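Numbering (my numbering), first residue to last: 463 to 1053. Glycine residues also receive a C-beta, built at the ideal position from the N, C-alpha and C atoms. Just so you know, these numbers come straight off a predicted model, no measurement behind them.
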C-alpha cells in the first residue's frame, strides 16, 4: 500500500546520514558527525583514485541505452525452471550463461554493494525499477575490476555493459563486461531496509527520499497521471487551457489572506494570487466559453495536514451550464481518474474504504446540520440569527467568530467596541442582549434579507463544527448560505442562499463549484458587503474589483465554474494522509 510508506524503521541510520545526531551510536566510538566526516573523506579519496586511474568520477560522456524495466520485460519469460534452486542448477551443470548474448548498457544508482574477492553484487535502480549487476573477475574488464570496483560505494551513479543472465538463485542480472562510475556520491544513503523514517527530514530532503524509496516515487508518478488525466478529460470536452496572472493588483478570487509583494519599476503593491477565478470569467465574457487552468495558488495561512501555503488548483468555467451540470461532470472525472490511477472506483484513504462510483449523495447544508450535526431545529438556525448565535456557541464556535459574523453586515456602523462586545458575548447571561442590540441595527440596512443572510453565515459555522467531519463517502454539499459565497448566483427561490456545491470526501473539502453570478449590480453589492465585513474587523475578505464589474456589464453568459484541489485529489487516489506527502517540496520552517 502506498499509504504505508516509511512507518517504523531505523531512524538512527538516517540521522547519521544527514549528520544531525549529537549522541553516540551503539558500537561506535566516534561521534556521528566525526563518522560522517570520515566516510565523506574516504569517498573523496576514492574520487581522487578514480581520477588518478584516468576515470572521471563526474563524467558526462556515457549513459544507459536501455531501461532496467525494459531489460526485465524482455527476459522475464526466459526464467529457467531450475532458477531459484542453486542445488538443482549445480546438478545440471548450469553456471554463468548469458541468455542470448546481446550486450545491454544500463545505468542507475547503486543501492548497495555486497560480496568480496572475485564476485561483487550491486543492486541497481533507475527511474523504472531495479536490476542486479554481477561483477565477476573472470568476466568484467580487468582494468575496471581493479580500478573501478574498489572505489564503488552504495549511492554512486554507475553505467555497466553486459549481457543478461539468470543467477542460480533465480535473479535476473547483468553480467557486466564494462563498468563506469558516472557520479561519485559523497554522502552515504540511509539504511536500505528502513529508508527515511523522520517525516520532516523526508520533506526537507526529498531528493534522498525519492532516491531510496520506490513507493514515494510511485506517489508522484500517480500525481502526474492525475494532472495528465484532468487535462485529457477537459480537452476532450472542448475546454481550452489558459494561463492567467500570478501577480494581482488587488485581493480577488476568494476570501483569504494573501502574500504581498512590491513591483519596484511600477512602484505598486501586488499580491500572489489567491485564485484565478475573476480572470477566467473575464475570458468567458470575451467569448471563450469553456476554459480551465491548472496552476498554483497562494494563501498566507497556517500549515496542516490539509493545507500548504502554495498549492495546485484546477479551475474551470463553462458557459450555458449550471452547478448541477458540474456536479455530474465531477463524478465522471473522478471515476475516470480513479480507474486510471487506482485501477477502480473503490479506494482506501487513511484506512477508510471509499466508493467513488456515481451517483454521489447530495445533501444541503441545512440537512447536514440536522442529520449529521444532530441539531433538531436546524431550519430555525438559518432563519433566526439570535438563535443561530446561541447554537453556534453551543457547538463550540468561538465567541469572537460569532460576534464577527453579527457585526459584518454593519461595517462602519458596527462601532469600535468590538472587544467589549466579545467580552459580553462570552457571558451566557449577557449574550442574548448583546446579540439583540447588534441585530436591531440591521433595520437600517438596505438588504431586507440581512438577518437571514447573517443567520445563514452562523449556520455554516455550526455545520463546520458539527457535521463537516462526518461527510465520509463522496458527498455534494448544496444550498450554501449567501454570506459565505460572494461570487455565486443567488438561488431563484430563496435569496439568502445560492446555487453552490462543495465536494467532501472523508470530511475534507475536495472541490467547490457554483452557478456564477453574472448580474453586475448584484456583484457590486456583494463586493460592498465584503468591504463592510472588513471594516467590521473580518480578516479574510476580497477587494472591490470595479474592472470585473465592468466586464460583467459587457455581459457574461449564464456560466458555472468549479475549483478542485489537485493536491487533495492526489491524496485520495494515492492514499496519503498529508498534503505534504503529495507535494514534492512542501514549505518548511527554516532548519
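Residues bridged to residue i (per DSSP)
| i | result |
| --- | --- |
| residue 708 | Note: residue 708 sits in no beta bridge, so no partner. |
| residue 914 | Answer by DSSP bridge pairing: none, since residue 914 is not bridged. |
| residue 1073 | Within the shown structure, residues of the chain are numbered from 463 to 1053, placing residue 1073 beyond reach of any answer. |
| residue 849 | None, per the DSSP bridge assignment. |
| residue 636 | 595, 626 |
| residue 970 | 967 |
| residue 775 | 757, 1027 |
| residue 495 | Answer is none; residue 495 lacks a bridge partner. |
| residue 703 | 754 |
| residue 440 | Shown here, the chain extends from 463 to 1053; a query on residue 440 therefore has no answer. |
Minimum Cβ-Cβ distance from residue i to chain D less than 9 Å
| i | result |
| --- | --- |
| residue 869 | This model lacks chain D altogether; it includes just one protein chain. |
Local conformation of residue i per DSSP, three classes
| i | result |
| --- | --- |
| residue 1033 | helix |
| residue 438 | The question about residue 438 has no answer, for the chain in this structure spans 463 to 1053. |
| residue 734 | strand |
| residue 799 | helix |
| residue 1038 | coil |
| residue 977 | strand |
| residue 483 | Note that residue 483 scores a pLDDT of 38, beneath 50, so its modelled location is shaky; the value from the coordinates is reported in the next line. Residue 483 falls in the coil class under three-state DSSP. |
| residue 924 | helix |
| residue 1009 | helix |
| residue 646 | coil |
| residue 965 | strand |
| residue 823 | strand |
| residue 841 | helix |
| residue 1021 | strand |
| residue 792 | helix |
| residue 1052 | coil |
| residue 1027 | strand |
| residue 607 | helix |
| residue 804 | helix |
| residue 724 | strand |
| residue 665 | helix |
| residue 894 | helix |
| residue 652 | coil |
| residue 566 | strand |
| residue 555 | In this prediction, residue 555 scores a pLDDT of 42, lower than 50, which makes its location untrustworthy; the coordinate-derived value is nonetheless stated afterwards. It is coil, neither helix nor strand. |
| residue 682 | helix |
| residue 997 | helix |
| residue 948 | coil |
| residue 784 | coil |
| residue 542 | coil |
Contacting residues, own chain, Cβ-Cβ under 8 Å from residue i (five flanking each side not counted)
| i | result |
| --- | --- |
| residue 832 | 838, 840, 841 |
| residue 771 | 721, 760, 761, 762, 763, 765, 1049 |
| residue 489 | In this predicted model, residue 489 has a pLDDT of only 40, less than 50, meaning its place in the structure is not dependable enough to derive any value. |
With 16 other Cβ atoms within 10 Å as the buried cut-off, status of residue i
| i | result |
| --- | --- |
| residue 669 | exposed |
| residue 1054 | Missing from the structure shown is residue 1054; the chain here goes from 463 to 1053 and no further. |
| residue 782 | exposed |
| residue 1033 | buried |
| residue 1050 | exposed |
| residue 1064 | This structure gives no information on residue 1064, because the portion of the chain shown stretches from 463 to 1053. |
| residue 580 | exposed |
| residue 730 | exposed |
| residue 847 | buried |
| residue 566 | buried |
| residue 496 | exposed |
| residue 1031 | buried |
| residue 898 | exposed |
| residue 1042 | buried |
| residue 520 | exposed |
| residue 753 | buried |
| residue 631 | exposed |
| residue 892 | exposed |
Neighbourhood of residue i by C-beta distance below 6 Å, restricted to the same chain and skipping five residues each side
| i | result |
| --- | --- |
| residue 584 | 572, 575, 595 |
| residue 1025 | 775, 777, 974 |
| residue 859 | 923, 927 |
| residue 795 | 695 |
| residue 623 | 565, 567, 639, 640 |
| residue 865 | 883, 884, 887 |
| residue 964 | 939, 971, 974 |
| residue 853 | 843, 924 |
Cutoff 7 Å; reference residue i; Cβ partners in own chain excluding five residues on either side
| i | result |
| --- | --- |
| residue 542 | 628 |
| residue 1001 | 719 |
| residue 819 | 797, 807 |
| residue 531 | 590, 591 |
| residue 951 | 960, 961, 976, 977, 978, 979 |
Contact test: residue i Cβ vs the ligand PLP heavy atom, cutoff 8 Å
| i | result |
| --- | --- |
| residue 895 | By its list of ligands, the structure shown contains no ligand whatsoever, and the ligand PLP lies outside what it can speak to. |
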